[in-house]
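Asks:
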Amino acid sequence: MSSTLDKMVLVFTSSNWQQWHTTMQAYLRAQGQWFIFMVHEPFPGFPMQSSPYDSWDENNEKALGNITLHVSPLIQTAIADFATVKEVWDHLEENYGAPSSSSAYAKLSCLLMMTIPTGSHPVPVITKMLSHFAYLKDAGFEFP
1 MSSTLDKMVL VFTSSNWQQW HTTMQAYLRA QGQWFIFMVH EPFPGFPMQS
51 SPYDSWDENN EKALGNITLH VSPLIQTAIA DFATVKEVWD HLEENYGAPS
101 SSSAYAKLSC LLMMTIPTGS HPVPVITKML SHFAYLKDAG FEFP
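Right, here's the structure in full:
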């Protein structure tokens, strides 16, 4: 099952944050590792050799490995020194989360050029249009 899920997560290349972060979050949830992001500190008050700490540390390492395997080599280098999933995620979101104006323009251009072909089902094209609208909304563009 995990190999099938693994194939569903794209490699993050710095320009596909909007799609990658949602898919990666779902992947980590399916692996039972997303809680590490929510509980980003080892259990305070527990000795470092205790079972709860070991479990947190093991899941943190697995989640870090999964994230590292799904980012480009350049980004792998940028996140190599972070110790927790929260640190990595915050770094990625801060540096790549906001869409650039050029990528927003590219999405708008694609959206304006889209046509619904006659003789085929319109759902794939409409879904693609909705994803462009969502991207542009995240970039700060509002449509009436």
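Numbering (our numbering), first residue to last: 1 to 144.
C-beta: ideal position from N, C-alpha, C; glycine also.
Just so you know, these numbers come straight off a predicted model, no measurement behind them.
Do you know offhand how far L10's Cα is from T4's?
Replies: Approximately 12 Å, taken between the alpha carbons.
Asks: Straight-line CA distance for M38 to K86?
Replies: Spanning the two alpha carbons is a distance of roughly 8 Å.
Asks: Quick check: N59 and I36, are their CB atoms within less than 8 Å of each other?
Replies: The answer is yes: Cβ separation under 8 Å.
Asks: Is it buried or exposed, H70, if we count other Cβ atoms within 10 angstroms and call 16 or more buried?
Replies: That one is buried.
Asks: If you draw a straight line from the alpha carbon of N95 to that of L112, how long is it in whole angstroms?
Replies: So the two alpha carbons sit approximately 28 Å from each other.
Asks: So T23 is in the alpha helix (DSSP H); what residue range does that whole segment cover?
Replies: T23 -> alpha helix (DSSP H) spans 17-30.
Asks: Starting from F141, follow the alpha helix (DSSP H) in both directions and report where the run begins and ends.
Replies: Element bounds for F141: n/a, residue is neither H nor E.
Asks: Do F12 and S72 come within 8 Å of each other at the CB atom, strictly closer than that value?
Replies: Yes, the Cβ-Cβ distance between S72 and F12 is below 8 Å.
Asks: Leaving aside the five residues before and after L64 along the sequence, list all residues of the same chain whose C-beta is less than 7 Å from its C-beta, in chain order.
Replies: Closer than 7 Å at Cβ, skipping near neighbours: V85, V88.
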